[in-house]
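Here is the structure we will look at.
Number of protein chains: 2
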Amino acid sequence: MAQSKERTPVRPKKRFHHGDLREALITATRELLIEHGPDGFSLADACRRAGVTTAAPYKHFRDKQEILEEIVLRGFAELTAANAKAVAEGGPGTIRGITAMGISYLDFAVGQPAVFRLMFGHKSELKQAKQVDESGRQCLKHVIDEVASYSRKHGHSADAEAIALRLWTFVHGASSLELDGDYQRVARGLDVRKMIADVTSKLLLAGPDKRAPARGGPR
Amino acid sequence: MAQSKERTPVRPKKRFHHGDLREALITATRELLIEHGPDGFSLADACRRAGVTTAAPYKHFRDKQEILEEIVLRGFAELTAANAKAVAEGGPGTIRGITAMGISYLDFAVGQPAVFRLMFGHKSELKQAKQVDESGRQCLKHVIDEVASYSRKHGHSADAEAIALRLWTFVHGASSLELDGDYQRVARGLDVRKMIADVTSKLLLAGPDKRAPARGGPR
DNA sequence: GCCCAAAAGTTAATAGTGCTGACATAAGTG
DNA sequence: CACTTATGTCAGCACTATTAACTTTTGGGC
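Going down the list, the sequences are from chains A and B. Taking my numbering, the leading residue of the first sequence gets 1, the next gets one more, and so forth. Taking my numbering, the leading residue of the second sequence gets 1001, the next gets one more, and so forth.
So this is what it looks like as structure tokens:
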């Protein structure tokens, strides 16, 4: 949109009309999420950080949840972009590229644990469920496309979607366990990135089920 | 109708010394977690349900967190027991048994989402970290033992712990995504149990790394 | 410029939360 | 019985989310 920031100094001083409170609140909330986790966060804190009273946010958001949803949406966009970049650098349609994408997923989760948890957490109170769903779908689509690309290149007519779902599942599990510190308390020396690389290869190379016992439900 | 003046209904009546408030609070909290998720729960609600004032819990727990930790501990015990039962029924040291264990894990997660999230969620504010750690370790130990048993039986000297970690990771990922409804928004018809069974076989049969591919160091 | 409506803040108030300290009462023991 | 201890209540504090009513900026039309 149009930007209208002409005479703004370095930081908006006491201007009584904070210029862009919406953005300020979002970034403040994000910072607090990083600092105190998804629970230790309070809207009032974000207000203080942005230099406004606790009633101010309600001119920009319906309620607290709506701020979080905005952050979730941006999180999905960011994750999708990071994945795309990783696969582009690692080599599209290659094991390396797909592995890089998985590790990018992990890095995002570890880098922004609170946002990651919000993105995949409690969706019971969503008001923009549709947008969030679409973001998530978009995010997974890249994985599927890459796997399909790889499969096509290597001849075996694997069900790309099924394999992509397995990869996603594994990488998501690894990210969750790593970010929650669960590996550290049961397997201290684990190299998660290597594990992701190994299993990605294995799941891709294994291809479709060689010994699939009577696949019941056709999609 | 012939209940004399002591018309005690289901609950021990107003005895001013609630007999076993500790347990009552734990079960009330658990119910609320199931009903409203890990966030929509409030200690005051649990008090109301147990029929006491909001100050009463502090005679039994240091703070809110301590109740939740108790629930986490019991959750781990329950999960471990369920896994043990599943593997015993499915056949110890067999693919079937190990698969059954994974599905049992999933069932627990789906059956008690809020408890599951607490168990593997934010551990930043733990006061009994040691006990919780030990519970988690115990829980994973069974998986490792089973995999080791399977490996021994089938001759290949695989690193049981590494394989067990992979299985755990995958099953945990599947459980998380299923319980958070993430599969439903990107892969509606997915049969998660079948996927777990397939991948469990694959990861077990593949054995140790035959080749260490593409570890080119993703930095 | 002036006027006015809308946008974007503020103050003040409500209801609900976790938690604490001071008190009250039940239960168990000498 | 008296006395101690466990286990409740009550009143109150600090904090949150949210709303209602008011005030200040802002920007557009005259």
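C-beta: ideal position from N, C-alpha, C; glycine also. It should be emphasised that the depicted structure is a prediction, and the values quoted were computed from it without experimental measurement.
Q: Indicate whether the contact test is met: 3 or more Cβ pairs, each with one atom in the stretch 1110 to 1120 of chain B and one in the stretch 1147 to 1161 of chain B, closer than 8 angstroms.
A: no
**Q.** Chain-order list of residues whose beta-carbon lies under 7 angstroms from that of Gly1097 (chain B) (same chain, five-residue window excluded)
**A.** Val1087, Gly1090, Gly1091 and Glu1146
Q.
Less than 7 angstroms between CB atoms is the rule here; does Gly111 (chain A) satisfy it with respect to chain B?
A. no
Q) How should Asp180 (chain A) be labelled, buried or exposed, when 16 other C-beta atoms within 10 angstroms of its C-beta is the threshold for buried? A) Counting C-beta atoms within 10 angstroms of its own C-beta, Asp180 (chain A) has 16 or more neighbours from the protein chains shown and is therefore classed as buried.
Q. For Asp1039 (chain B), which of helix, strand or coil comes out of DSSP?
A. coil
Q: Quick one: using the 10 Å Cβ neighbour count with 16 as the cut-off for buried, is Arg30 (chain A) buried or exposed?
A: buried
Q.
Counting beta carbon pairs with one atom in the stretch 1051 to 1064 of chain B and one in the stretch 1032 to 1040 of chain B, are three or more of them shorter than 8 angstroms?
A. no
Q. Are the beta-carbon atoms of Thr200 (chain A) and Gly102 (chain A) separated by less than 7 angstroms?
A. yes
(Q) Classify Gly1075 (chain B): buried if its beta carbon has 16 or more other beta carbons within 10 angstroms, exposed otherwise. (A) Per the 10 Å Cβ criterion, buried.
Q) In this structure, does DSSP put Gln131 (chain A) in helix, strand or coil? A) helix
Q | CA nearest to the CA of Lys202 (chain A), picked from B:His1172, B:Glu1078, B:Arg1166 and B:Gly1121 | A | B:Arg1166
(Q) Measuring straight from C-alpha to C-alpha, what distance separates Gln1131 (chain B) and Ser42 (chain A)? (A) 30 angstroms
Q) Would His265 (chain A) count as contacting chain B if we go by Cβ distances under 7 angstroms? A) One cannot answer for residue 265 (chain A) here, as it falls past the ends of chain A, which runs 1 to 219.
Q.
Taking the beta carbon of Arg193 (chain A) as the centre, do at least 16 other beta carbons fall within 10 Å, making it buried, or is it exposed?
A. buried
Q: Measure the beta-carbon distance from Leu1068 (chain B) to Ser1175 (chain B) and round it to whole angstroms, keeping in mind my assumption that it falls under 8 angstroms.
A: Wrong, their Cβ atoms sit about 20 angstroms apart, outside the cutoff.
Q | Proximal residues, the stretch 1168 to 1183 of chain B versus chain A, C-beta separation under 7 angstroms | A | The residues in question are Thr1169, Phe1170, His1172, Gly1173, Ala1174, Ser1176, Leu1177, Asp1180, Gly1181 and Asp1182.
Q: Give the interface partners of Met1195 (chain B) over in chain A, defined as CB-CB distance under 9 angstroms, in chain order.
A: Think of a sphere of 9 angstroms around the beta carbon of Met1195 (chain B): the chain A residues whose beta carbon falls inside it are Ala162, Leu165, Arg166 and Thr169, in chain order.
**Q.** Thr53 (chain A) versus Asp1133 (chain B) - alpha carbon distance
**A.** 41 angstroms
Q | Min CB distance His18 (chain A) to chain B below 7 angstroms | A | no
Q: Assign Ile144 (chain A) to buried or exposed, taking buried as 16 or more other Cβ atoms, counted over all protein chains shown, within 10 Å of its Cβ.
A: Ile144 (chain A) is classed as buried because its beta carbon has at least 16 other beta carbons within 10 Å across all chains shown.
Q: Alpha carbon to alpha carbon, how far is Gly1173 (chain B) from Ala1024 (chain B)? Give it in angstroms, no decimals.
A: 33 angstroms
Q.
To the nearest angstrom, how far is the alpha carbon of Gly1216 (chain B) from that of Leu177 (chain A)?
A. At Gly1216 (chain B), the pLDDT of 41 sits below 50, so the modelled position is not reliable; the number obtained from the coordinates is stated separately. Distance between the alpha carbons of Gly1216 (chain B) and Leu177 (chain A): 24 angstroms.
Q: Could you name the residues of chain A that Glu1185 (chain B) contacts, counting a contact when the two beta carbons are closer than 7 angstroms?
A: The residue you asked about is not Glu; residue 1185 (chain B) is Arg in the sequence shown. Those within 7 angstroms of Arg1185 (chain B) in chain A are Asp133, Gly136 and Arg137.
Q. How big is the Cα-Cα spacing for Ala20 (chain A) and Arg188 (chain A)?
A. Correcting the residue type first, residue 20 (chain A) is Asp in the shown sequence and not Ala. Per the coordinates, the alpha-carbon of Asp20 (chain A) lies some 45 angstroms from the alpha-carbon of Arg188 (chain A).
Q) Taking only beta-carbon atoms, is Phe1120 (chain B) less than 7 angstroms away from chain A? A) For Phe1120 (chain B), the answer is yes, since a Cβ of chain A falls inside 7 angstroms of its Cβ.
Q: Starting from the beta carbon of Leu25 (chain A), find every residue of chain B whose beta carbon is closer than 8 angstroms, and list them in chain order.
A: Here the premise fails: no neighbours, minimum Cβ distance about 20 angstroms.
Q: Compare the beta carbon distance of Phe1120 (chain B) and Asp182 (chain A) with 7 angstroms and say whether it is the shorter of the two.
A: yes
Q: Would you check if the distance between the CB atom of Ala1046 (chain B) and the CB atom of Leu1033 (chain B) is smaller than 7 angstroms?
A: no
Q. Taking the C-alpha atoms as reference points, what is the distance between Ile1071 (chain B) and Ile1026 (chain B)?
A. 7 angstroms
(Q) Please report the straight-line C-alpha distance between His1142 (chain B) and Ile1163 (chain B), rounded to a whole angstrom. (A) 13 angstroms
Q. Can you name, in chain order, every residue of its own chain whose Cβ lies under 8 angstroms from the Cβ of Thr99 (chain A), other than the five neighbours on each side?
A. Gly90, Ile196, Ala197, Thr200 and Ser201
Q. Among B:Leu1079, B:Gln1138 and B:Gln1065, which residue has its Cα nearest to the Cα of Leu1126 (chain B)?
A. B:Gln1065
Q: Find the nearest neighbour of Ser1149 (chain B) within the set B:Ala1050, B:Asp1063, B:Trp1168 and B:Ile1095, judged by alpha-carbon distance.
A: B:Ile1095
Q | Per-residue DSSP class, three states only, for Pro57 (chain A) | A | The answer is helix: DSSP assigns Pro57 (chain A) an H, G or I state.
Q: Given a cut-off of 7 angstroms, decide if Leu1140 (chain B) and Val186 (chain A) are closer than it, judged by their beta-carbon atoms.
A: yes
Q | Close Cβ partners of Arg1049 (chain B) (< 6 angstroms) along its chain, the five nearest in sequence each way excluded | A | Excluding positions up to five away in sequence, the list reads Ala1028.
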